[in-house]
Structures are given as structure tokens and as C-alpha cells.
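Undergrad: For the sequence shown, counting from 1, position 328 maps to 1379 in my numbering; every step adds exactly one. Cβ coordinates follow ideal geometry from the N, Cα and C atoms, glycine included.
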Amino acid sequence: MRHRYIFIVGGVMSGVGKGTSSAALGLTLKARGFSVTAVKIDPYVNVDAGTMNPVEHGEVFVTIDGDETDQDIGNYERFLDEDITSLNYMTTGRVYQSVIERERRGDYHGKCVEVVPRVPEEVIDRLEKAAKNAKADFVLVEIGGTVGEYENILFLEAIRMMKLKNPDDVRTVLVSYLPVPPSIGEMKTKPTQHAVREVNRIGINPEFLICRSEVALDAPRREKLSRFCGVHPSHIITAPNARSIYEVPKLFDEQGFADSMLKSFRMKSRMIPDLTAWNSLVNIIETVDRPVRIGVIGKYFSTGDFVLSDAYLSVLEAIKHAAWSIHRKPVIEWLNSEAYEQDPSRLKELDDFDGVLVPGGWGSRGIEGKIAAIRYVREHNIPYFGICYGMQCAVIEYARSVLELTDAHTTEIAPKTQNPVIHLMNDQAKKLKETGIGGTLRLGSYPCDLKTGSISRTAYGSNSTDERHRHRYEFNNDYRQQLIDAGLIIAGTSPDNRLVEIIEIPNHPFFVGVQFHPEFQSRPLRPHPLFVGFLKAASIRKKK
Ligand code: GLN
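What follows is the structure in C-alpha cells.
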């Protein structure tokens, strides 16, 4: 099978939407009857994203096979509606690790192992494996960072080497940013021209340009860019700020982007592109006006003066998908759990929400605020959805308030507590001792059996499911019977009944805590059933 590779590189600055652009291009190619997969390259030395701070790097996205990857992989899954595996994620650390392992095995037969070509060769090898594994007609390869940084130079070299070998199968798209400085009031193309020069210097001329900016590109600037960057005018795509990222495929299709791409490969569409379902979703996004207000309680929100919600990107998207599916406009507010510790009277603000969600988290900062908030929503019948730490905190809260085990805790925070309702299972404890923190989490997809009659079972409409995990601590089975006797419902367990995966509370509009991360499996056109259940309960909440 012949695979084509489309590299997406960034110019001028990061964070302008390379990921969204390539995901959108991928979707429009898929709509033309091709199989598409996407690879993300992170130029960091970290082996995976698991050890990176989510405030700085954004969410850690977990794949079905348990890789801790970049949030862009999540975007690809959402746009392409495909599960993407570990093969499709690489970092500088990972690439070097393989080269070094190979050298140690003696695979280079006594040769001096030079960075070029060995490192780019390893990159190409991985890309070819990903292509083969996904049986992909097209592999979109997003290279993190911007051109001109020395971090990604070896990845750019891989493009050059691949192109040298198969010029007909490789294309490069530069996603650039065109500023409109307020003092000048005119869109400037010069930074983009420089970015193109920068890639030219290493022997690549991008065939396509995506021009990100506040406003659309006009004719004179398109001409200028074409002339100075050596890109055909029809290959210059304008990408002004969209109302939502889900609108981007439509914006691309209106400019015939996918068709020009196919033409540049001397290929033709295999079918009349059908984006009807997708575009009717975009229509819903743009027209829904009845709000549903969800408060998300966490701590990973700020860096300096900036509030970054990327740390919970998939949670945010999952709430939106579910809200749109019931024709509601999601209004999401970030609530800082530490504020409830400093001033418990602030808990009253939770009354203003239709639903409250506590997402995954780590460490002691803000945990008492989360537990206080969970108690508040449990007692005030406010729909609650707890994810991972949010489930563990709900168990702690229930044990403290209902079983009156006032020191109940997770051993993550209180290793010596008399009542470790959340703890490390023996095998995990052993692993942690042996290997340190890297690689000791329970990661990836695991099956879960659902209890008949539970809210979760009804929401899923099936008696089992598979969900992705990323945590170290577990529900302590020593407390299982006591908690059940006190009313807690164990709504989901591992098939061997050893691990508690879902807890619920009866006589409440919606109170569900899950040990896994359902947000990773929510897709725009296939919202996650538990999020839909939560949003439905929230949308019918009658506030006082
Ligand atoms: N810190 C908790 C654990 O390790 C929860 C992790 C999470 O919420 N992802 O189990």
C-alpha cells in the first residue's frame, strides 16, 4: 500500500493552531474516501508527556494503549473519529532512546553513529510504521514548535530525507501567523516570508501555506506571499479566527484545500465529500442559545496573569459535545478549589450552577476545597460528575460525612491515615518502590462491568464498557462493604470485581464518580454517554 505524508510545520509563533489545521485537513481528506492518520512530534527530550506540567504543556492525553501524549493527539481523535495509538506519538527523547538502544545492541555494526542520518532515519522508520499500522492513505505529521528553533531541526531533516527518496509522496504545509498590528492597521506578511526562508535554508519549500490571522487574507497579500514564498496562490489557505475549531473543516472546504492537496499528489477524490453531519453540528454550535452552566473545580488554571484551561482540554470538549447533543449552549466556569478552603461561605456560589464537575488531579493543594464542594453538591442535590481524583474525593467525602470516619483520606496525601479509603494496591506499591514515579501509573484502556439498575448502566445502555485510565491510587476494598451499607453504589468494577471503577449515590439527580477518564473517548458526533447523562441532569435542574 502506498502512503502519502503531509508534514505540518509552524512559522512565526507557536499556539496558532497547527494541530487544529492538520486535524481539519485530515477530516476533509477522510470525507473524500481516504484513510487518514495523524502523528504528533514533540521536540522535547521528555520521553512522554506524562511528566510535563499541564499548566505549561497542556493536557496529557492518554491513548487506548496507555501512552501519555500531547493534547493534539486528542484533537486528532476527535476530528478523525479514530483511536490513535502510541506509534503515532514521538518526542526527541523517544527517538534518541531507540537510537541509543540500537547502538547498545550493536545494530550499527561498529560504525560511528552520527546524528544525521541516524536520528532522522529513526523518525522516518517510526512514521512508516505508523502509516502501515493505520493502513493510511495519508499520514499527517505535525511537528511541534516553530521552524528556526534548533529543537526541531532533525525532524525537518527527516522531511528532507523522505522527500529525497519519494518526492511524489511528501508534501509540506507551513502554518503561519499574520499579525495585524493595531498601530499599523494592516496585515503583515513579512514574518511569514521569513519563516518560509527559514525552511528553505534546510532544503524544503512548503507546497502549501495556511495563514492564521484575526481576519481573512486579501488578494494583494495572497499575491505577495505567493511571489516571495514560491507557493501557488491556490495553495495559500486563509484561516481567520473561527467561532469554534469545529468550523475549520468547512472553512477549508470552501477554499478547496483538500482537493488542491489531492491534485498536488495527482490524486482524485474517491467520493463526493460528505460533511453533512459535521456541518449540522457546526450549525448547532453557532445557534444554540439556551445555556447550561457547568462549574469545573480544579487548580491547574493559572500561570502568571493568564488563565489556561488547556490542562483540561478533553474535559472541556466532552462537556461541549454532550451539551450540543441536547441542544444546549455550554457555559463553563473555572472554580478554584483553594478559594473554598480560605472561605467556606463561598461554597454557596455552587447553587448558581446546573452541574459541578471535579476532574482529575494530583497532590494536596486544594483537595480539602474539592471535598467541601463535593459535600455541598451532594447535600444540595446539584448534579455532580467526578473524574478520577473527583471520584476519589467523593469516596473520601462520603466516608467522612456518612460513615463518620473523619480522618478518611487517600494515602497519596495522608500516608499514615487510619482510614485509607483510597490507597495503593500492593502490586502498585511494589512497582513504585522499584521504579520511581515514571511509568508506575495504571494507564490505558481497561474493561468495566456495569451494575444493573445504576445510572451509569442506563447512560451507557450496555452492561460493560472500556475506558482509559491514568492514576496510581485505587478504591480500598476493605471499605467496600461499609460504604455499600451506608448507601454508596458500586456501579462499575473490573470484570474480576477487584477494582472499583464507578461509584454513585442514590436519591440524587446525578452523582457519579468514575476512576477512569471518560473525556478521552468523547467525540463531537459521538458524545460520551456519562457526559450526556450529566448534562441532561444539569439541563433539567431547577434552581431555587
Ligand atoms: N492522583 C490520583 C491518583 O494517582 C488521581 C489521578 C487523576 O485524577 N488522574 O490516583
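Taking Cβ positions, are residue 1384 and residue 1573 nearer each other than 9 Å?
TA: Position 333 of the sequence shown, counting from 1, holds the residue named residue 1384. Position 522 of the sequence shown, counting from 1, holds the residue named residue 1573. It is not a contact, given that the beta carbons lie outside the stated cut-off.
Undergrad: Return the first residue and the last residue of the alpha helix (DSSP H) that residue 1327 is part of.
TA: The residue given as residue 1327 occupies position 276 in the sequence shown. 1327-1338 is the extent of the alpha helix (DSSP H) around residue 1327.
Undergrad: Could you tell me if residue 1162 is buried or exposed, where buried requires 16 or more neighbouring beta carbons within 10 angstroms of its beta carbon?
TA: If you number the sequence shown from 1, residue 1162 lands on position 111. Residue 1162 is exposed by the Cβ-count criterion.
Undergrad: Examine ligand 1 and report whether any of its heavy atoms sits within less than 8 Å of the Cβ of residue 1441.
TA: Indexing the sequence shown from 1 puts residue 1441 at position 390. Yes.
Undergrad: Within 8 Å: the Cβ of residue 1302 and any heavy atom of ligand 1?
TA: Here the question's residue 1302 lines up with position 251 in the sequence shown. Incorrect: residue 1302 has no Cβ contact closer than 8 Å to ligand 1.
Undergrad: Can residue 1120 and residue 1091 be called in contact, C-beta distance under 9 Å?
TA: For the purposes of this step, residue 1120 is identified with residue 69 of the sequence shown, where counting begins at 1. For the purposes of this step, residue 1091 is identified with residue 40 of the sequence shown, where counting begins at 1. Contact: yes.
Undergrad: Sorry if obvious, but does the Cβ on residue 1416 come closer than 8 Å to a heavy atom of ligand 1?
TA: Residue numbering aside, residue 1416 sits at position 365 when the sequence shown is read from its first letter. No, the Cβ of residue 1416 stays beyond 8 Å of every heavy atom of ligand 1.
Undergrad: State yes or no: is the C-beta of residue 1063 within less than 9 Å of the C-beta of residue 1223?
TA: On the sequence shown, residue 1063 is found 12 positions in, with the first residue counted as 1. On the sequence shown, residue 1223 is found 172 positions in, with the first residue counted as 1. No, the pair does not count as a contact, with Cβ atoms beyond the cut-off.
Undergrad: Could you spell out where the beta strand (DSSP E) holding residue 1138 opens and where it closes?
TA: Within the sequence shown, the letter at position 87 stands for residue 1138. Note, residue 1138: premise wrong, no beta strand (DSSP E); not H, not E.
Undergrad: Could you check where the alpha helix (DSSP H) with residue 1414 kicks off and where it finishes?
TA: To locate residue 1414, count along the sequence shown from 1; it is residue 363. In the DSSP annotation of this structure, residue 1414 is not part of any alpha helix (DSSP H), being labelled neither H nor E.
Undergrad: Enumerate in chain order the residues of its own chain whose CB-to-CB distance from residue 1459 is below 6 Å, with the five nearest sequence positions on each side excluded.
TA: Taking the first residue of the sequence shown as position 1, residue 1459 is located at position 408. Contacts found: 1447, 1450, 1451, 1470 and 1472.
Undergrad: Could you tell me which whole beta strand (DSSP E) segments of length 3 or greater appear in the segment 1151-1216?
TA: 1189-1194
Undergrad: Three or more C-beta pairs closer than 8 Å, one from the segment 1092-1109 and one from the segment 1137-1152: is that the case here?
TA: yes
Undergrad: With a CB to CB cut of under 6 Å and the five nearest residues on each side skipped, what residues in its chain are close to residue 1282?
TA: Looking up residue 1282 in the sequence shown gives position 231. Excluding positions up to five away in sequence, the list reads 1260.
Undergrad: Residue 1596: buried (16+ other C-beta within 10 angstroms of its C-beta) or exposed?
TA: Any property of residue 1596 remains undetermined from this structure, which presents the chain solely from 1052 to 1595.
Undergrad: Measuring CB atoms only, is the segment 1389-1406 touching the segment 1428-1441, in the sense that at least three cross pairs come out at less than 8 Å?
TA: Touching, per the Cβ criterion.
Undergrad: Measuring CB atoms only, is the segment 1158-1177 touching the segment 1197-1208, in the sense that at least three cross pairs come out at less than 8 Å?
TA: yes
Undergrad: Which residue or residues does DSSP assign as beta-bridge partners of residue 1385?
TA: Reading the sequence shown from its first residue, position 334 is the one you call residue 1385. Paired residue(s): 1347.
Undergrad: Could you say if the segment 1535-1553 and the segment 1325-1343 meet the contact criterion of at least three C-beta pairs nearer than 8 Å?
TA: no
Undergrad: Per DSSP, what are the beta-bridge partners of residue 1499 in this structure?
TA: In the sequence shown, the residue the question calls residue 1499 occupies position 448. Its beta-bridge partners are 1516.
Undergrad: Is it buried or exposed, residue 1231, if we count other Cβ atoms within 10 angstroms and call 16 or more buried?
TA: On the sequence shown, position 180 is the one that residue 1231 refers to. Residue 1231 comes out exposed.
Undergrad: Could you check the C-alpha separation between residue 1375 and residue 1426 for me, to the nearest Å?
TA: Your numbering for residue 1375 matches position 324 in the sequence shown. Your numbering for residue 1426 matches position 375 in the sequence shown. Looking at the two C-alpha atoms, the distance is approximately 29 Å.
Undergrad: Answer with buried or exposed for residue 1215, where buried requires no fewer than 16 other C-beta atoms within 10 angstroms of its C-beta.
TA: For the purposes of this step, residue 1215 is taken as the residue at position 164 of the sequence shown. Counting Cβ neighbours within 10 Å, residue 1215 comes out exposed, since fewer than 16 surround it.
Undergrad: CB-CB under 8 Å to residue 1265, same chain, minus the five flanking residues each way: which ones, in chain order?
TA: As a first step, residue 1265 must be located in the sequence shown, where it is residue number 214. The residues are 1231, 1291 and 1292.
Undergrad: To which residues does DSSP link residue 1091 through a beta bridge?
TA: If you number the sequence shown from 1, residue 1091 lands on position 40. DSSP lists 1140 and 1193 as partners of residue 1091.
Undergrad: Name the one or two DSSP bridge partners that residue 1525 has.
TA: By one-based count along the sequence shown, residue 1525 stands at place 474. Residue 1525 is bridged to 1474.
Undergrad: Rounded to the nearest angstrom, what separates residue 1553 and residue 1225 at their Cα positions?
TA: One-based indexing of the sequence shown puts residue 1553 at position 502. One-based indexing of the sequence shown puts residue 1225 at position 174. Rounded to whole angstroms, residue 1553 to residue 1225 spans 45 Å at the Cα level.
Undergrad: With DSSP as the reference, label residue 1550 as helix, strand or coil.
TA: Indexing the sequence shown from 1 puts residue 1550 at position 499. Note: residue 1550 maps to coil in three-state DSSP.
Undergrad: Based on Cα-Cα distance, which residue from 1585, 1590, 1575 and 1583 lies nearest to residue 1125?
TA: Taking the sequence shown and counting its residues from 1, one reaches residue 1125 at position 74. That would be 1575, whose Cα lies nearest to the Cα of residue 1125.
Undergrad: Have a look at residue 1393 and residue 1350 and give me their C-alpha separation to the nearest angstrom.
TA: The residue given as residue 1393 occupies position 342 in the sequence shown. The residue given as residue 1350 occupies position 299 in the sequence shown. Taking the straight line from one Cα to the other gives about 14 Å.
Undergrad: Looking at residue 1507: is its Cβ nearer than 9 Å to the Cβ of residue 1542?
TA: As a first step, residue 1507 must be located in the sequence shown, where it is residue number 456. As a first step, residue 1542 must be located in the sequence shown, where it is residue number 491. In this structure, residue 1542 lies closer than 9 Å to residue 1507 by Cβ.
Undergrad: Does the beta-carbon of residue 1322 have 16 or more other beta-carbons within 10 angstroms, so that it is buried, or is it exposed?
TA: Position 271 of the sequence shown, counting from 1, holds the residue named residue 1322. With fewer than 16 Cβ atoms within 10 Å of its Cβ, residue 1322 is classed as exposed.
Undergrad: To the nearest angstrom, how far is it from the Cα of residue 1112 to the Cα of residue 1581?
TA: As a working mapping, residue 1112 is identified with position 61 in the sequence shown. As a working mapping, residue 1581 is identified with position 530 in the sequence shown. Rounded to the nearest whole angstrom, the C-alpha separation of residue 1112 and residue 1581 is 19 Å.
Undergrad: Excluding five sequence neighbours on each side, which residues of the same chain lie with their C-beta closer than 6 Å to the C-beta of residue 1184?
TA: Along the sequence shown, one-based indexing puts residue 1184 at 133. Within the same chain, residue 1184 has close Cβ partners 1138.
Undergrad: Alpha carbons only, please: which of 1195, 1303, 1241 and 1569 is nearest the one belonging to residue 1275?
TA: For the purposes of this step, residue 1275 is taken as the residue at position 224 of the sequence shown. Of the candidates 1195, 1303, 1241 and 1569, the one whose C-alpha sits nearest the C-alpha of residue 1275 is 1241.
Undergrad: Let me check you understand the geometry: is the CB of residue 1410 closer than 8 Å to at least one non-hydrogen atom of ligand 1?
TA: Position 359 of the sequence shown holds residue 1410. For ligand 1, at least one heavy atom lies less than 8 Å from the Cβ of residue 1410.
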